[in-house]
Each structure stands twice: as C-alpha cells, then as structure tokens.
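> In the numbering used here, the protein residues as written are 112 to 276.
Quick reminder that beta carbons are idealized off the backbone N, C-alpha and C, glycines included.
Here you go, one structure.
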Ligand code: SF4
C-alpha cells in the first residue's frame, strides 16, 4: 500500500514495527473481527485476543530474557505470515490514523527509522493518495483512530485542509 514510499526490502531489514515493549502493548495492531477469524482459521488456531471496542488486539508473550514482545504473526525468515492480508494498521504503518481533539488525522509515526528521513513531498503525496481510503476505513472501524501524541507529524485532516501546503 505504501509503494513508492517504503519498499518490502526496507521493511524486511527492520521489522521494528512488529516488536513491542510492555509500555506500548496497546499500540499493537488493531484486528477486526474478520481478521481475527482469518488469523484463527488460517494461521494461529491457538491465538488469544483482547477486546478493544468492536475490534481486538492480539495477546503476545514476552521473550524470556527481555521486555520485548514479538508479534505472533512475525516469522523470523519470511516476515509477516499474513502477507498482503495483514491488519490494516500494519498495511499503512508508519502512517497512523489519530484523533486530535475533534479532528481525525493521518500522521506519521516518528518511530519508523526509514520513512522519517524520506522527503516530505513524497510522504505528502502518498498521504494524499491514500487519504480517502484510510479515512473510510477509520469511519468503518473507529478503533483505528488512536489518541494523538506529540511528535507525530500530521499530513491529512479528515474533511479539512491538507497540512504542510
Ligand atoms: S500482523 Fe504482521 S505486519 Fe502486523 S505487527 Fe504482526 S507481523 Fe508485523
């Protein structure tokens, strides 16, 4: 989905967004009911979920020796075993849908070490290209909109002006 902004090769070398520390477990991907069924039926029949509104988060176990939780769908050799059918938040990462006051925005996570250094014009273009789709998904699934945090650069505002012009 982020073709032109982030390549599969760049993701494969990093995988930072598929691992979590205990303080950011609530930032693990939102899984819709349909995606949860697919995970259970096709990938991880024993997977447990935590309810988040109408959606779910996947339960994750820490590594034995570190405060680090790897997504159970992450294969060390192949990357995400869901491929292109991965949860929507993973498909748009490091873009995030966020609630900033009354606004719903598309913002860039400062955590992604690859995209944060890309030209702003390229990011703006990709956000503009995807905004209708991302906002439509956020309307279908309000749990996608995370509370806004300082440091997330806003590129699109739902029904509002485009940032940075
Ligand atoms: S679902 Fe796939 S892309 Fe998303 S965090 Fe898990 S392994 Fe990574």
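1) Who are residue 161's beta bridge partners in DSSP?
2) Using C-beta distances below 8 angstroms, list every residue in its chain close to residue 142, excluding the 5 sequence neighbours before and after it, in chain order.
3) I think residue 129 touches residue 181, with their Cβ atoms under 8 angstroms apart; what is that distance to the nearest whole Å?
4) Please indicate yes or no: does the CB of residue 166 lie closer than 7 angstroms to some heavy atom of the ligand SF4?
5) For residue 260, does the count of other Cβ atoms within 10 angstroms reach 16, so buried, or fall short, so exposed?
6) Whose CA, out of 230, 224, 253, 269, lies closest to the CA of residue 241?
7) For residue 196 and residue 212, what's the separation of their Cα atoms in angstroms?
The short version:
1) According to DSSP, residue pairing for residue 161 in a beta bridge involves 168.
2) These residues qualify, in order along the chain: 150, 160, 166, 167, 168, 169, 198.
3) Right, their Cβ atoms sit about 7 angstroms apart.
4) For the ligand SF4, not one heavy atom lies less than 7 angstroms from the Cβ of residue 166.
5) Counting of Cβ neighbours within 10 angstroms places residue 260 among the exposed residues, the total staying below 16.
6) Measuring from the Cα of residue 241, the nearest candidate turns out to be 269.
7) The alpha-carbon atoms of residue 196 and residue 212 are separated by roughly 31 angstroms.
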